[in-house]
Amino acid sequence: MTEELYLADDTVTTFEATVERVLDDRVVLDQTHFYPTGGGQPHDTGTLRVADAEMADGDGVADGDDADRRWRVVDVEKKDTVYHTLEPAGDGASGAGDDSATDTVAPLEPGTVVVGEIDAARRRAHSRYHTAQHLLSALLLAEFDASTTGNQLYDDHAHLDAAYERFDDGDLVQIETRLNELVADERPVTSYTMNREEAEATLDTDRTRIDLLPDSISELRIVEIGAARGTDGNDGDDGDDGNKEPYDRTACAGTHVANTAEIGPIVVTGRETKGSDEDRVRFALAEHVDGKE
């Protein structure tokens, strides 16, 4: 089974791995930093190349013979293990035609050492939006008693569904204001592993929804958003009355920034009713909203 290196360090965007299996246009590696679709976060994209394949130029585009030793990673999916779907990197190559799909990944075979290069800008955007979503989920639960029922992130916007009848315009203004206060607090974001029994006993079940996870999962990766910067237990100027307790802790396998300040300003762009007692909040980073800097 593929070792999911992104769980321990989601800042790495270049790594080496060994091909374990080749399945038509998909490959399984012994280890990977490519994030697979899951938890509302889209998969990473990037490239794989044979470790000894040299690039013809410095723009990351292979040509000539090197094009046959480099592939675009266009999908990453986790089932029993992590599968990387590939397309040829050569200009105009599609992997289609008279050849079988297996030719798409030739000359890859088990034992081939490859270098994975992740699209860093896409990963960074997903990480910023994912941490923003955690802030929003915690905020809605704490201040509106609205638990998160679903979410979807993209690289330029996101939405979150909450168990709430309807957020009015005043609510949306309050949510945006509080979100940006939390971002400006410069709260550290960390991750660690916790035994399931301990997590069930100590974490807010309305926030973590551990009950939805398969019973076979005994160890959980916890993502924690800490106290505001400068909180010392005696200073109440940080907006949390000196509270050193984490602002949020929840089970999550996604990628995140290291500090809420890295998210940047957030704009709540609207809402819509999604069903009985369920409302959707749409949001985006200010840089992705027309007319915003």
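Residue numbers (UniProt numbering): 1 to 293.
Don't be surprised by glycine CBs; every beta carbon is placed ideally from N, CA and C.
Given a length threshold of 4 residues, each whole run of the alpha helix (DSSP H) inside the segment 170-233 is given here in chain order: 196-202, 205-208. Annotation: PHE167 to ARG282 spans about 11 Å, alpha carbon to alpha carbon. In this structure, DSSP gives GLU143 a helical state, which the three-state scheme calls helix. Taken through DSSP and simplified to helix, strand or coil, ALA132 comes out as helix.
Along the length of the segment 239-280, whole beta strand (DSSP E) runs at least 3 residues long occupy 248-251, 266-275, reported in chain order.
For ARG70, the enclosing beta strand (DSSP E) starts and ends at 70-78.
With respect to ASP30, THR2 sits close: the two C-beta atoms are nearer than 8 Å. Three or more Cβ pairs drawn from the segment 14-32 and the segment 73-89 lie within less than 8 Å of each other, which places the two stretches in contact.
The Cβ atoms of GLU219 and ARG249 do not sit closer than 8 Å to each other.
Checking the DSSP bridge columns, you'll see GLY46 partnered with VAL73, ILE118. Around the beta-carbon of TYR35, 16 or more other beta-carbon atoms lie within 10 Å, marking it buried.
Of the other Cβ atoms in all chains shown, fewer than 16 fall within 10 Å of the Cβ of ASP211; this residue is therefore exposed. Contact check for SER127 and LEU160: beta-carbon distance about 16 Å, past the 8 Å limit, so the pair fails to qualify. Here the C-alpha atom of THR37 lies approximately 21 Å from the C-alpha atom of ARG280. Here HIS157 carries a coil assignment [DSSP, helix/strand/coil].
Around the CB of GLY90, 16 or more other CB atoms lie within 10 Å, so the residue is classed as buried.
Excluding the 5 residues flanking it on each side, LEU179 has same chain C-beta neighbours closer than 8 Å at ALA132, LEU135, LEU136, LEU139, ILE266, VAL268, PHE283, in chain order. Taking a C-beta distance under 8 Å as the contact criterion, VAL114 and ALA17 qualify as a contact pair. Listed in chain order, the non-local C-beta contacts of THR208 below 6 Å within the same chain comprise THR250, ALA251, local neighbours out to five positions each way being set aside. Sixteen is the threshold: when 16 or more other Cβ atoms of the shown chains lie within 10 Å of the Cβ of ALA125, as they do, the residue is buried. In this structure, SER147 sits away from ALA158, with a CB-CB distance that is not shorter than 8 Å.
Going by C-alpha positions, ALA8 is about 13 Å away from VAL189.
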